[in-house]
Amino acid sequence: MQRYLDGESDTVAAGMWLGKALQGGAVVYLGGQLGAGKTTFCRGVLQAFGHVGAVKSPTYTIVEPYEAAGVSVYHFDLYRLGDPEELEYMGIRDYFDGDAVCLVEWPERGAGVLPLADIMVSIEVQGAGRLLVASGATPRGQQILAQLSEYETD
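Heads up, the sequence shown is in the working numbering, so the first residue is 541 and it goes up one at a time.
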């Protein structure tokens, strides 16, 4: 599925749109160049769970945990990761339990250590806005996106 995003508010709204369907946990990979809006999208996902307040990119801490509406949401930014093995030292596998929502920016930097994504989101600069492309990479991810497509047509 594709969606054109015309500015920051559209990017947050797209994150909220996806976040509403992530009940029960999912792993979401976020791709796109630096400054494309990945963290802004994550803010929308967190707002869908009722989070209010700042959402910062965890570039230096690697992970920022949130508890919202009884759900654990983990926002990862692997941009500064030197070696995927560093993730093992921080106990990365503990974050990816079945009920948590894990949002992973720069997932290619954790290749071989991260679990597979349920949903892959790409945000790319296109003209004055952004193009969001989302695809289901597992049956769970496909089910989530299919459910969202049904909501759009209602």
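A virtual CB, placed ideally from N, CA and C, is assigned to each residue, including glycine. Predicted model, so just to flag it, every value in this text is computed and none were measured.
Alpha-carbon to alpha-carbon, residue j and residue i
{"i": "V548", "j": "L627", "result": "Residue 548 is actually Glu in this sequence, not Val. Spanning the two alpha carbons is a distance of roughly 31 angstroms."}
{"i": "W557", "j": "L574", "result": "23 angstroms"}
{"i": "V603", "j": "Q682", "result": "26 angstroms"}
{"i": "L618", "j": "D634", "result": "17 angstroms"}
{"i": "G669", "j": "A640", "result": "30 angstroms"}
{"i": "D658", "j": "V644", "result": "11 angstroms"}
{"i": "F589", "j": "G610", "result": "9 angstroms"}
{"i": "V665", "j": "T579", "result": "14 angstroms"}
{"i": "T599", "j": "P679", "result": "30 angstroms"}
Residues bridged to residue i [DSSP beta-bridge criterion]
{"i": "E543", "result": "At residue 543 the sequence reads Arg, which differs from the Glu that was named. DSSP output for R543 lists L672 as bridge partner(s)."}
{"i": "E645", "result": "L570 and D617"}
Limits of the alpha helix (DSSP H) - the one that residue i falls within
{"i": "D625", "result": "Just to set this straight, residue 625 is Glu in the shown sequence, not Asp. E625 -> alpha helix (DSSP H) spans E625 to Y629."}
{"i": "V552", "result": "E548 to G559"}
Unbroken beta strand (DSSP E) run spanning residue i, endpoints
{"i": "I659", "result": "I659 to Q666"}
Under the three-state DSSP convention, the category residue i falls into
{"i": "L769", "result": "Outside the displayed span of the chain (541 to 694) sits residue 769, for which this structure offers no information."}
{"i": "G638", "result": "coil"}
{"i": "L688", "result": "helix"}
Completely contained alpha helix (DSSP H) runs for the region 564 to 629, where each covers 4 or more residues: Those alpha helix (DSSP H) runs which fall completely within the region 564 to 629 and span 4+ residues are 578 to 588 and 625 to 629.
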